[in-house]
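Here the structure is laid out as structure tokens; the discussion comes afterwards.
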Amino acid sequence: MAGVNALNPIGLALALLAIPIVLLYLLRLRRREQRVSSTLLWRQTVMDREANALWQRLRPNILLLLQLLTLAFLVFALTRPYALAPAGLTGRAIVLLDASASMEATDVAPSRFEAARRGVRGLIDGLGTTDEMTIILVDGSPRALTPLTSSRADLYAALEQARTSLAPANWSAALSLAGALRTPSTSIVIIGDGANSDDLKAQADPAQFRPVGGAGANIAISAFALRQTVRGASALARVTNHGSQDATVLLSLRAGTANGTATSLLDARELQIAAGQSAQWTVNGIDPAAAYVRASIDRVAPAESNVLSADDMAWAVNAAPAPRRALLLSRGNRFLEQALGALPNLQVTRAISMPIDFAQPYDLIVVDGISATLPARSHALFVNPIADTPVFSLGAVFSATGFVDAAQHPTLLAVDWRGINVLDARRVAGPGWLLPVVNAQGGPLMLAGESPAAEGRTPEFERLAILPFDLRRSDLPLQIAFPVLIANTVEWLAPLRGLDVPISARPGEALALPVGASVVNPAGARQTVDARGYGATGLPGMYSYALGAASGLFAVNFLDARESAIVPDPEVALRAAGTATDANGLQVQLSQREIWPFLAALALVALLVEWWIYQRGMPALRRRTGPDSRS
Amino acid sequence: MEFADYRAYTPGDDPRRLDWNILARHGKTFIKLFEDEEDATVTILLDASGSMRWVAEGESESLKWRRAAEIALAIGCVALSSGDRVIFETSSRARCGPRRGLGGMSELIRLAEREAGSPPDTRANLNEWLRRHAAAARPGLCYLVSDMLDPAGYLEGLNALGGAGLDVSVLHTLCPDELEPGIAGDLRLRDIESAEMQDVSLDPAVLSRYRERLAAFTAEIRNQVMRRGGRYHLVDTSTSIEQIVLGDLRRQGWLA
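The listed protein sequences derive, respectively, from chains A and B.
Per my numbering, numbering of the first sequence is gapless, rising by one per residue and ending at 631.
Per my numbering, numbering of the second sequence is gapless, rising by one per residue and ending at 1256.
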């Protein structure tokens, strides 16, 4: 609490009332007469004290002292003294609590977030019985922890549940949320570090801003990536010094295995980084067997240059996806070759007959106008089949190829068949699982199906698609639908082994993982992905996923230069002018808190004590004095 | 007359007894003391002023006066039994003697009893009384039993007694209310002897100063008496007469 000042200092003039009180006391002072054998020694005793005899008279009188004390309290109360105290909240209040990553900085012990939480706790303590408050936790997706409530217990409980997030604070969403809850009499208090809060600066509504934290320095891994080269993978790490003094950083790279447990040191280096600058380090020849590489800041000198640890680690997946192999059995079909060749991760081999010996099975076999015997369990696309197979047989040619309908099939995703013209096509008779996908008046123009698993028998095809017409006798290859159709068909017939999952994500980012995939986060918690995708990416580190035979890794990294720059924005800090810093390091708005009621209460107490002593006749004094004179 | 000793000169001493040789040689004033070959005269002076008649709270009679009278009678009794001539006089001018032999004892007791029943001498002046007594005194031993609480002081009286050839010893009798006052607060003190008033606001500091003043007062009397070759003893009147006479005075050699 700051010093005490007075709103009405002229009230001190009333202290002059002490003079008549003392005079009245002197006038009414009646000494009790006491006989003594001789006054000789007493006279000599008090002789040298006659000069201040007035004080000698006044000194032992406790009643006078109490009266003067009462007057003093009343006079001070009339001056309306006030103390500068942290401004409390009254009425309705909305507290926006910054929970962004920078709030984990430890430049305020134990952390900015804890200091801010204590500040909110102080606001809750100051609530009156009819006051209401709600707390909005501001992280990547701001939310109200409680509805507007006057229950301190609910507010305390909600506050205890609040945690920081590595996602940047979404101030515009938080302010929108606060605006929706706001009424004209509602006050908004923002408690945060003011770092990376451009939205906060732009907000127009009147709000108290209570910054927490100081000019915290931080060193962060600002970029980390693995690049595949002809000589293997190389890692690139960039470390940024966001502080105002030069620092020495020990950066190390470790390789991890797919199960995410064992790590081995690849390399370590000391980097000298000037204030406000970045340093880069490239390590070549990363072990191809490493499933991922982890970069970490192991040591910083001076230590106070790094008060935020969330950005001291980064992960990168060593992703070298194995390309799918496709065999095109054709005597030459430029359309097909181009369409297949344009697909990523697809290695196309063309032949006119089935190779005799191939060590690796093909992921996909495209048969174009050729009769061929395919290996069992093939994933095959037949274009213009010319001969029967053990699965299907060919029928008559039909030219009534007018489009009738198309089924909901993955191969037809974003494919509009209505504008496609086919000169003629062959009828195909197949098993029940081979279903027409596109129907024309004369028969199906495309069939697709997945062979059901049957015991004791190896299916010829696991997945089969048939286009029973010659591409050159249609305008399909000229349509925009053609490459889409081929890409869809290839993806359906031979899906990527690792699923189509990005290998890197930001904290809080939702990933479109396939439904049913099982994801294990860095803490070891397993979660099955539902239709909403996977959004539990709050924890930085390596995540592994699996769906059937497909599995893979992805990394969640807190690589955010804006959040790593944790120094409060001076423009926001300016709004906190006229503040003080409390014991938690939290800057608080100060308000004038009048203390006259307290002084008036003290005056009343002094008056009551004086009355009580008067009523009891000061027995203690009487005992000491002895009985009055007998004369 | 036989030479006995020297002592320092004090105002009031007979200049004829000065040792001029010592004065000439050393510049210091000493008087010669002689032992009277005749029987010694013992003078007992009992202060009967108002302050000596102080009746403390809870007392039915003045213990201070009673103790002083008992001391005076005890000394007189011892002197009479030693065959000395005894003169007994109070400040209220009651006088007895000179008497010799134990036959005078009853007369002393009657005088003391009579004096106890008489009103206090409110007009007493210690110096005046002692001067008057010195004018007709015989040289010898003099025992003054008094509280010495006289606004006019006591020095002139002591000088007069010394000048009359009396070796003065003082039994300074003070009661507990004088030695350790038990009063406090805003008081108007009334002197029972002179009826004078003194306003005091008593607190621990003032009481402390009183004790200091009392110590200085007794030390001054002791000093004045001893300079004149006499003895001094402060008597707390709450002490029993047996303790005073058989204990304190005997131990200090006042009584054989």
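Just so it is clear, CB atoms sit at the ideal spot from N, CA and C, and this is done for glycine as well.
As the structure is a computational prediction, the values presented were derived from the model and not from experiment.
Exercise. So, is Asn384 of chain A buried or exposed, given that buried needs 16 or more other C-beta atoms within 10 angstroms?
Worked result: Buried, since its Cβ has 16 or more Cβ neighbours within 10 Å.
Exercise. Which residues in the same chain have their Cβ closer than 7 Å to the Cβ of Val1055 of chain B, if we skip the five residues on either side of it in sequence?
Worked result: Take Val1055 of chain B, set aside five residues on each side of it, and the residues of its chain with a beta-carbon closer than 7 Å to its own are Glu1061 and Ser1062, in chain order.
For this session: Specify the secondary structure class of His1026 of chain B as computed by DSSP and reduced to three states.
Result: Under the three-state reduction of DSSP output, His1026 of chain B falls in the helix class.
Problem set entry | Among A:Ala429, A:Leu24, A:Phe224 and A:Ser172, the one whose alpha carbon lies nearest that of Arg506 of chain A | Arg506 of chain A has its Cα closest to that of A:Phe224, out of A:Ala429, A:Leu24, A:Phe224 and A:Ser172.
Exercise. Near Gly1097 of chain B, what residues of its chain come up, given a Cβ to Cβ distance below 6 Å and the 5 sequence neighbours on each side ignored?
Worked result: Only residues of its own chain outside the window of five on either side were considered, and among them Val1086, Ile1087 and Phe1088 have a CB closer than 6 Å to the CB of Gly1097 of chain B, listed in chain order.
Exercise. What are the start and end residues of the alpha helix (DSSP H) that includes Trp1254 of chain B?
Worked result: Annotation for Trp1254 of chain B: no alpha helix (DSSP H) segment contains it, and DSSP assigns it neither H nor E.
Problem set entry | Residues that Ser38 of chain A contacts on chain B, provided the C-beta gap is smaller than 7 Å | Within chain B, the residues near Ser38 of chain A are Ser1051, Leu1149, Asp1191 and Glu1193.
Problem set entry | Expected contact under 8 Å - CB spacing of Pro568 of chain A and Asp131 of chain A to nearest Å | Not quite, the Cβ-Cβ distance comes to about 29 Å (not below 8 Å), so this is no contact.
For this session: Sort A:Pro344, A:Leu328 and A:Ala376 by Cα distance to Ile370 of chain A and report the nearest one.
Result: The candidate whose alpha carbon is nearest that of Ile370 of chain A is A:Leu328.
Problem set entry | Cut-off 6 Å between Cβ atoms - residues of its own chain near Ser111 of chain A, not counting five sequence neighbours on either side | Answer for Ser111 of chain A: Glu104, listed in chain order.
Exercise. Excluding the five sequence neighbours on either side, which residues of its own chain have a C-beta within less than 7 Å of the C-beta of Ala414 of chain A, listed in chain order?
Worked result: The answer, listed in chain order, is Val484.
For this session: Quick one: measure Cβ to Cβ for Ser1092 of chain B and Ala1152 of chain B, integer angstroms, because I've assumed they're closer than 8 Å.
Result: About 17 Å; that fails the 8 Å criterion.
Problem set entry | Alpha carbon of Ala167 of chain A to alpha carbon of Ile136 of chain A, nearest angstrom | Approximately 15 Å between the Cα atoms of the pair.
Exercise. Taking DSSP as the reference, what is the three-state secondary structure of Tyr1143 of chain B?
Worked result: Under the three-state reduction of DSSP output, Tyr1143 of chain B falls in the strand class.
Problem set entry | Close-in-space but distant-in-sequence residues of the same chain around Arg1017 of chain B (CB under 6 Å, 5 per side omitted) | Cβ neighbours of Arg1017 of chain B beyond the five flanking positions: Ile1031 and Lys1032.
For this session: State the Cα-Cα distance for the pair Leu64 of chain A and Ala1219 of chain B, rounded to the nearest angstrom.
Result: Here the alpha carbon of Leu64 of chain A sits roughly 40 Å from the alpha carbon of Ala1219 of chain B.
For this session: Pick out whichever of B:Thr1173, B:Val1206 and B:Arg1227 has its Cα sitting closest to the Cα of Gln44 of chain A.
Result: In terms of CA proximity to Gln44 of chain A, B:Val1206 leads the group B:Thr1173, B:Val1206 and B:Arg1227.
Exercise. Could you give the C-beta distance for Ser378 of chain A and Ile365 of chain A, rounded to a whole number, given that I count them as a contact under 8 Å?
Worked result: By a beta-carbon distance limit of 8 Å, Ser378 of chain A contacts Ile365 of chain A. Their separation comes to about 5 Å.
For this session: Count the other CB atoms, across all protein chains shown, that sit within 10 Å of the CB of Val307 of chain A; report buried if there are 16 or more and exposed otherwise.
Result: With 16 or more other Cβ atoms from the protein chains shown falling within 10 Å of its own Cβ, Val307 of chain A counts as buried.
For this session: Can you say whether Trp1065 of chain B is buried or exposed, counting buried as having 16 or more other CB atoms within 10 angstroms of its CB?
Result: Under this definition Trp1065 of chain B is a buried residue.
Problem set entry | Gln615 of chain A, enclosing alpha helix (DSSP H) - first and last residue | Its alpha helix (DSSP H) spans residues Trp596 to Arg616.
Exercise. With respect to the alpha helix (DSSP H) encompassing Phe73 of chain A, which residues constitute its N-terminal and C-terminal limits?
Worked result: First-last of the alpha helix (DSSP H) with Phe73 of chain A: Ile62 to Leu78.
Problem set entry | Cα-Cα separation, Ile1183 of chain B to Thr1239 of chain B | Taking the CA atoms as reference points, Ile1183 of chain B sits about 21 Å from Thr1239 of chain B.
Exercise. Counting Cβ pairs closer than 8 Å, one from the stretch 1190-1205 of chain B and one from the stretch 1158-1167 of chain B, do we hit at least three?
Worked result: Output reads no: the stretch 1158-1167 of chain B does not touch the stretch 1190-1205 of chain B.
For this session: Out of A:Arg427, A:Val490 and A:Thr373, state which residue places its alpha-carbon closest to the alpha-carbon of Glu460 of chain A.
Result: Ranked by Cα distance from Glu460 of chain A, the options A:Arg427, A:Val490 and A:Thr373 are led by A:Thr373.
Exercise. Is the stretch 429-447 of chain A touching the stretch 396-409 of chain A, taking contact as three or more C-beta pairs under 8 Å?
Worked result: Between the stretch 429-447 of chain A and the stretch 396-409 of chain A there are three or more inter-stretch CB-CB distances shorter than 8 Å, so the stretches are counted as touching.
Exercise. Between Asp971 of chain B and chain A, is there a C-beta pair that is closer than 8 Å?
Worked result: Only positions 1001 to 1256 of chain B appear in the structure, and residue 971 of chain B is not among them; the question remains open.
For this session: Following the continuous beta strand (DSSP E) through Cys1175 of chain B, name the residue where it begins and the one where it ends.
Result: Element bounds for Cys1175 of chain B: n/a, residue is neither H nor E.
For this session: Measuring alpha carbon to alpha carbon, tell me which of A:Gly126, A:Ser234 and A:Ala481 ends up nearest Val293 of chain A.
Result: Out of A:Gly126, A:Ser234 and A:Ala481, the CA that lies nearest to the CA of Val293 of chain A is found in A:Ser234.
Problem set entry | Rounded C-alpha distance that separates Arg532 of chain A from Leu96 of chain A | Each residue's alpha carbon lies about 28 Å from the other.
Problem set entry | Nearest-angstrom Cα separation, counted from Arg31 of chain A out to Asp1005 of chain B | Taking the straight line from one Cα to the other gives about 56 Å.
For this session: Return yes when the Cβ of Ala99 of chain A is within less than 8 Å of the Cβ of Thr164 of chain A, no when it is not.
Result: When the beta-carbon positions are compared, Thr164 of chain A and Ala99 of chain A come within less than 8 Å of each other.
For this session: Consult DSSP for Ala583 of chain A and reduce its assignment to one of helix, strand or coil.
Result: Summary for Ala583 of chain A: the model assigns pLDDT 49, below 50, so the residue's position carries little reliability; its value from the coordinates is reported in the next sentence. Here Ala583 of chain A sits in coil by DSSP.
Problem set entry | Burial state of Arg526 of chain A, where buried means 16 or more other Cβ atoms lie within 10 Å | When all chains shown are included, Arg526 of chain A counts as exposed.
For this session: Return the CA-CA distance between Ile1109 of chain B and Glu1180 of chain B, expressed in angstroms with no decimal places.
Result: Roughly 31 Å separates the two Cα atoms.
Exercise. Taking the Cβ atom as the reference point for each residue, do Ala195 of chain A and Ala565 of chain A lie within a distance shorter than 8 Å?
Worked result: Their beta carbons are under 8 Å apart, which means Ala195 of chain A touches Ala565 of chain A by this criterion.
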